[in-house]
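Trainee: This structure is in structure tokens; I'll ask about it shortly.
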Amino acid sequence: PLDTLLNLAHLKNDAATRKLGKLNLQEQTAQSRLAALQQYRRDYQLQFEETEKNGMSPADMRNFQSFIDRLDQAIRQQQQEIGKAHSSVQKGRSELLDSTRKMKSFDTLAQRHVESERKLEAKSEQRLQDEQSGRFAALHASAREPTK
Numbered sequence: 020p021l022d023t024l025l026n027l028a029h030l031k032n033d034a035a036t037r038k039l040g041k042l043n044l045q046e047q048t049a050q051s052r053l054a055a056l057q058q059y060r061r062d063y064q065l066q067f068e069e070t071e072k073n074g075m076s077p078a079d080m081r082n083f084q085s086f087i088d089r090l091d092q093a094i095r096q097q098q099q100e101i102g103k104a105h106s107s108v109q110k111g112r113s114e115l116l117d118s119t120r121k122m123k124s125f126d127t128l129a130q131r132h133v134e135s136e137r138k139l140e141a142k143s144e145q146r147l148q149d150e151q152s153g154r155f156a157a158l159h160a161s162a163r164e165p166t167k
């Protein structure tokens, strides 16, 4: 029963570790996407400013501005995704800490159980040795007694 609980605790801890790894990767991916969107927006803004210097039609100006607005919206959405991913990572860390604590508790219980069994076995062996020594001493003493 204790071995089963210990194995289950180790499995849950392994699963929590893998889950946290995936969540960290998702957060990093979301941050990379945000960085790419922000860089694209900067590049597009520079292109807009260069084109504007050379003159552009009002329709082209509206198209550029509309596209920049869509990029800004995508950046805001990606920032929200990063917030969600960060919350998920924090929750995953908490779950890993909990599962690690439980696993260590079961490890400690198992070690105490093994130590307790070892002590009981040692006491039993000592009792047997004491009984054998007592019998031997009694036999030895009776063999030395003078006969009447």
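The sequence shown begins at 20 in our numbering and counts up one residue at a time. Ideal placement from N, C-alpha and C gives every residue a C-beta, glycine not left out. Just so you know, these numbers come straight off a predicted model, no measurement behind them.
Along the alpha helix (DSSP H) that carries P20, what are the first and last residues, could you check?
Mentor: Walking along the sequence shown from the start, residue 20 turns up at place 1. It is not in any alpha helix (DSSP H) - P20 carries neither H nor E in the DSSP assignment.
Trainee: From L53 to T119, what distance separates their C-alpha atoms?
Mentor: Against the sequence shown, residue 53 aligns to sequence position 34. Against the sequence shown, residue 119 aligns to sequence position 100. Taking the straight line from one Cα to the other gives about 33 angstroms.
Trainee: Buried or exposed: where does G111 fall if 16 or more other Cβ atoms within 10 Å of its Cβ makes it buried?
Mentor: Taking the sequence shown and counting its residues from 1, the one referred to as residue 111 is at position 92. Buried.
Trainee: Between the beta-carbon of A34 and the beta-carbon of Q97, is there less than 8 angstroms?
Mentor: For this step, residue 34 is matched to residue 15 along the sequence shown. For this step, residue 97 is matched to residue 78 along the sequence shown. No.
Trainee: Along the alpha helix (DSSP H) that carries S113, what are the first and last residues, could you check?
Mentor: One-based indexing of the sequence shown puts residue 113 at position 94. From DSSP, the alpha helix (DSSP H) with S113 extends over P77 to R163.
Trainee: State the Cα-Cα distance for the pair Q45 and K123, rounded to the nearest angstrom.
Mentor: The sequence position of residue 45 within the sequence shown is 26, counting from 1. The sequence position of residue 123 within the sequence shown is 104, counting from 1. Rounded to whole angstroms, Q45 to K123 spans 28 angstroms at the Cα level.
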